[in-house]
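Residue numbers (full-length UniProt numbering): 1 to 336.
Take a look at the structure set out below.
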Amino acid sequence: MRAWSLVEPAPVESRPLRLVEKPVPSPAPSELLVHVRTCGVCRTDLHVAEGDLPPHKEHATPGHEVVGDVAALGAEVSGFEVGERVGVAWLRSTDGTCRYCRRRAENLCPASRYTGWDADGGYAEYTTVPADFAYRLPAAVEDAALSPLLCAGIIGYRALLRTDLPEGGRLGLYGYGGSAHLCAQLARAQGARVHVLTRGEAAQALARELGAVSVGGAHDAPAEPLDGAILFAPVGDLVPTALRALDRGGVLAVAGIHLSDTPPLDYEHELFYEKELRSVTSNTRANGREFLRLAERYDVRSTVHPYPMSRAPEALADLKAGRFDGAAVLVNDLSG
Ligand SMILES: [Zn+2]
Ligand SMILES: [Zn+2]
């Protein structure tokens with residue numbers, strides 16, 4: 001099969017990914033072999049390709065927002081059928097036995113492994129997934145629109161949970177890319193007042209279109225104090241800005257897996273009155289299943305920018321440069 005392979009982490013402009021021939025992977029006894037239909041392009045792929053996240057596997061194939069068809073079943077798999085459409089996401093496996101897994105915080109499992117980082121992902125014709133970590137998908141939604149839900153959507157949902165937003169609360173979103181625009185739709189559907197603080201006119205226009213109460217620049221003060229905020233932009237400088245925008249008792253959740261350094265915090269203006277700063281680390285499978293249910297119920301839609309999979313590096317470069325709003329999705333054109 002043909003697959004993109006990370007030769008050596010480097011800035012995406014210098015093409016760290018190469019299109020290579022690899023054998024079609026054979027699924028382990030507990031795994032599914034999946035023929036890829038679409039794979040979303042996540043900012044984490046950019047961090048892997050550029051080395052912000054150190055390589056976990058030589059020549060890894062990135063991609064962890066896979067929608068595909070089950071092509072074969074490992075010997076021990078039951079409950080799936082060949083031909084069934086499934087989703088493959090970032091969290092690939094956990095040990096199920098550690099103190100975190102036992103208290104339903106498998107996102108913190110020290111033995112956790114990730115698709116497209118520890119194991120080959122979906123920038124390829126085929127990929128594999130442990131059956132226990134594959135998602136069943138709502139039938140009514142098309143492939144390309146589902147892909148971004150599988151990481152951007154799920155992570156945005158966990159970040160929203162981490163803000164402990166009160167009923168009808170005021171939510172600020174810093175940055176407005178693939179994850180934020182899904183999170184905004186769900187938060188609004190559940191009654192939140194959403195404020196978007198982001199640079200870029202296209203992103204601001206999309207935020208208005210999707211019903212934000214107010215839209216401003218990344219360092220602007222929102223139109224009202226916030227009960228919760230989510231920092232989607234990987235920019236540590238925005239941490240104090242967002243903390244200052246919080247009302248008493250407000251929570252700022254940092255959604256990214258990577259963040260540039262934060263400046264020193266001013267305790268009185270940025271943390272006192274029980275403001276909280278929280279990180280978001282991956283997600284549990286329960287978060288994923290719950291989000292996919294809610295996304296179907298509230299018709300949460302991704303704004304999709306499709307690219308042929310053969311042009312994956314271009315999609316990554318465009319993501320880095322902020323050349324589109326919404327989410328880039330690779331459509332498999334590698335299979336003949
Ligand atoms: Zn564990
Ligand atoms: Zn991701």
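Don't be surprised by glycine CBs; every beta carbon is placed ideally from N, CA and C.
The structure displayed is predicted, hence computed values, not measured ones.
Problem - Own chain, CB closer than 7 angstroms to residue 155, minus 5 neighbours either side, in chain order - result: 179, 255, 280, 283
Problem - Closer than 8 angstroms: residue 97 CB and nearest ligand 1 heavy atom - result: yes
Exercise for the section: List the residues that DSSP assigns as beta-bridge partners of residue 276. Expected result: 251
Exercise for the section: Indicate, with yes or no, if ligand 1 has a heavy atom lying under 8 angstroms from the CB of residue 337. Expected result: Residue 337 lies beyond the range of the chain shown here (1 to 336); nothing can be said about it.
Handout entry: Among 16, 229, 196, nearest to residue 213 - alpha-carbon criterion
Key = If we check each option's Cα against that of residue 213, 196 comes out closest.
Handout entry: Supposed contact pair residue 145 and residue 14 - C-beta distance, whole angstroms, cut 8 angstroms
Key = Not really, about 32 angstroms apart at Cβ, beyond 8 angstroms.
Problem - Where the beta strand (DSSP E) through residue 257 begins and ends - result: Residue 257 -> no beta strand (DSSP E), and no H or E assigned at all.
Practice task
Rank 165, 166, 210, 297 by C-alpha distance to the C-alpha of residue 177 and give the top, closest one.
Solution key: 210
Handout entry: Alpha-carbon spacing of residue 194 relative to residue 171, whole angstroms
Key = 5 angstroms
Problem - heavy atom of ligand 1 below 8 angstroms from residue 110 C-beta - result: Yes; taking the cut-off as 8 angstroms, the Cβ of residue 110 has a heavy atom of ligand 1 nearer than that.
Handout entry: Residue ranges of each beta strand (DSSP E) within the segment 31–91, 3 or longer
Key = 31–40, 66–73, 85–88
Exercise for the section: Using three-state DSSP, classify residue 305 as helix, strand or coil. Expected result: strand
Exercise for the section: Between the Cα of residue 56 and those of 64, 117, 153, 232, spot the shortest distance and give me the residue it belongs to. Expected result: Considering only alpha carbons, the answer is 117.
Handout entry: Chain-order list of residues whose beta-carbon lies under 7 angstroms from that of residue 143 (same chain, five-residue window excluded)
Key = 37, 38, 67
Problem - Between the CA atoms of residue 20 and residue 188 - distance to the nearest angstrom - result: Each residue's Cα considered, the two are about 43 angstroms apart.
Exercise for the section: Using 8 angstroms as the cut-off, classify the Cβ of residue 114 as near or not near the heavy atoms of ligand 1, replying yes or no. Expected result: no
Practice task
Using 8 angstroms as the cut-off, classify the Cβ of residue 152 as near or not near the heavy atoms of ligand 2, replying yes or no.
Solution key: Residue 152: yes, Cβ under 8 angstroms from ligand 2.
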